[in-house]
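Comments concern the structure below.
Residue numbers (our numbering): 12 to 397.
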């Protein structure tokens, strides 16, 4: 079983960090620091809470004067940086320090984040500054988009994503992302894949609230070079999963009556949570030339309130030979995961070809220790009525 990510804060980490603090802080008391960090709540703290807690304890050991504290933090960064320039995510409490204690010291905070982001990711820390003064901060990020360092350029994009996971929301940019667009324009052909992935993710975020803006950008950027073509395709993933007809057409994925499915079979129409749904079908390309086909399937999951919610899964997107029959076999896991709660009862599955959803088929999900035949009969009765 994979170890919880919060355990990056282990003995090895603290040994390294205590050694560095002993160098940069006069008369540093490492025993006191560790006693304060490992309080009675430490074991129960999750990752972000541990980061915030370390930030809080560090504050008590640094100067109360913010500019002086920043100088110490930059010394910490310089001592820990390696020649490989790998980002040290376990040190994200350092930019958290800037966010927490430097919001009213804009100039020094921006200078600090520009340096710290070369060592550990700062996309969470910049967001409170955007919320406080979006015009001023986005102007700074526009300058960062032209920086020689790829981590600084990435911060310019990643930090202003409207829907950045695990971060505070930017409702202003969900409503109107126009301040973001000049940054993305600067970076659309960036030489760094690290940066281009961020641009694609930013556009994908924007597409969830403002699809027309992203569709226009896709049209404008298409064909610039192979890297940008990859970027816009990755940026369009939510629009493609939604089956947006205009986006499908842009990427040459149009429905056709000569592309069909047949012999759809669910191997196990009653499965227990923890097991797999197995299904298969035949894909027919009856066209007289090879055809690019985006093949997906959608699961309609049972919700706690008895309604269904859908999630689309990609099978492939590739050329299929003319007049061909392809057997497709898939397994869908229903093992318990932290990001989805399964509910017993009626579920549905359907195949999607180039954005067009085909016939739905039913299956029933049972609890791992299902013994109640009455509940099962109730599910089957619902199935017949639908």
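Positions of the beta carbon are idealized from the N, C-alpha and C atoms, including for glycine.
With respect to the beta strand (DSSP E) encompassing residue i, which residues constitute its N-terminal and C-terminal limits?
| i | result |
| --- | --- |
| residue 373 | 367 to 377 |
| residue 327 | 319 to 331 |
| residue 276 | 270 to 277 |
| residue 296 | 287 to 296 |
| residue 357 | 356 to 364 |
| residue 307 | 302 to 313 |
| residue 283 | 281 to 283 |
Using the Cα positions of residue i and residue j, report the straight-line distance between them to the nearest angstrom.
| i | j | result |
| --- | --- | --- |
| residue 302 | residue 372 | 26 Å |
| residue 171 | residue 209 | 10 Å |
| residue 409 | residue 19 | Within the shown structure, residues of the chain are numbered from 12 to 397, placing residue 409 beyond reach of any answer. |
| residue 178 | residue 213 | 14 Å |
| residue 106 | residue 187 | 27 Å |
| residue 388 | residue 183 | With a pLDDT of only 46 at residue 388, under 50, the local geometry of the prediction cannot be trusted, and the value read off the model is given with reservation. Those two C-alpha atoms are separated by around 50 Å. |
| residue 224 | residue 152 | 21 Å |
| residue 299 | residue 232 | 32 Å |
| residue 333 | residue 294 | 12 Å |
| residue 222 | residue 185 | 11 Å |
| residue 34 | residue 149 | 36 Å |
| residue 162 | residue 83 | 21 Å |
| residue 159 | residue 122 | 15 Å |
| residue 288 | residue 136 | 42 Å |
| residue 382 | residue 14 | Caution is warranted here: a pLDDT of 46 is assigned to residue 382, below 50, making its placement in the model unreliable, and the coordinate value is therefore given only provisionally. Going from the Cα of residue 382 to the Cα of residue 14 covers about 33 Å. |
| residue 386 | residue 377 | Annotation note: pLDDT 49 at residue 386 (below 50); position unreliable, coordinate value reported separately. Roughly 9 Å between the two C-alpha positions. |
| residue 362 | residue 268 | 15 Å |
| residue 347 | residue 266 | 35 Å |
| residue 75 | residue 86 | 17 Å |
| residue 99 | residue 114 | 23 Å |
| residue 43 | residue 29 | 11 Å |
| residue 80 | residue 32 | 12 Å |
| residue 109 | residue 120 | 6 Å |
| residue 350 | residue 169 | 23 Å |
| residue 318 | residue 116 | 50 Å |
| residue 273 | residue 343 | 19 Å |
Identify whether residue i lies in helix, strand or coil by the three-state DSSP scheme.
| i | result |
| --- | --- |
| residue 386 | Confidence at residue 386 is low in this model, with a pLDDT of 49, below 50, so its placement is unreliable and the value that follows should be read with caution. Helix, per DSSP. |
| residue 141 | helix |
| residue 110 | helix |
| residue 397 | Low confidence applies to residue 397: its pLDDT is 43, below 50, so where it sits in the model is not reliable, and the reading given next is rough at best. Here residue 397 sits in coil by DSSP. |
| residue 36 | coil |
| residue 146 | helix |
| residue 209 | helix |
| residue 101 | helix |
| residue 245 | helix |
| residue 392 | For residue 392, the predicted model reports a pLDDT of 48, less than 50, meaning its position is unreliable and no value from the coordinates is stated. |
| residue 347 | coil |
| residue 164 | helix |
| residue 235 | coil |
| residue 252 | helix |
| residue 15 | coil |
| residue 352 | coil |
| residue 338 | strand |
| residue 155 | helix |
| residue 204 | helix |
| residue 265 | coil |
| residue 214 | helix |
| residue 222 | helix |
| residue 134 | coil |
| residue 227 | helix |
| residue 259 | helix |
Go to residue i, then tell me how far its alpha helix (DSSP H) extends in each direction, as first and last residue.
| i | result |
| --- | --- |
| residue 195 | 192 to 198 |
| residue 123 | 117 to 127 |
| residue 90 | 77 to 91 |
| residue 185 | 182 to 186 |
Can the beta-carbon of residue i be found less than 9 Å from the beta-carbon of residue j?
| i | j | result |
| --- | --- | --- |
| residue 133 | residue 127 | yes |
| residue 72 | residue 39 | yes |
| residue 251 | residue 305 | yes |
| residue 275 | residue 313 | no |
| residue 124 | residue 156 | no |
| residue 359 | residue 310 | yes |
| residue 192 | residue 238 | no |
| residue 254 | residue 368 | yes |
| residue 50 | residue 64 | yes |
| residue 218 | residue 247 | yes |
| residue 220 | residue 175 | no |
| residue 291 | residue 338 | yes |
| residue 355 | residue 336 | no |
| residue 103 | residue 45 | no |
| residue 379 | residue 261 | no |
| residue 57 | residue 23 | no |
**Q.** Secondary structure, alpha helix (DSSP H): runs of 4+ residues fully inside the segment 24 to 71
**A.** 41 to 48
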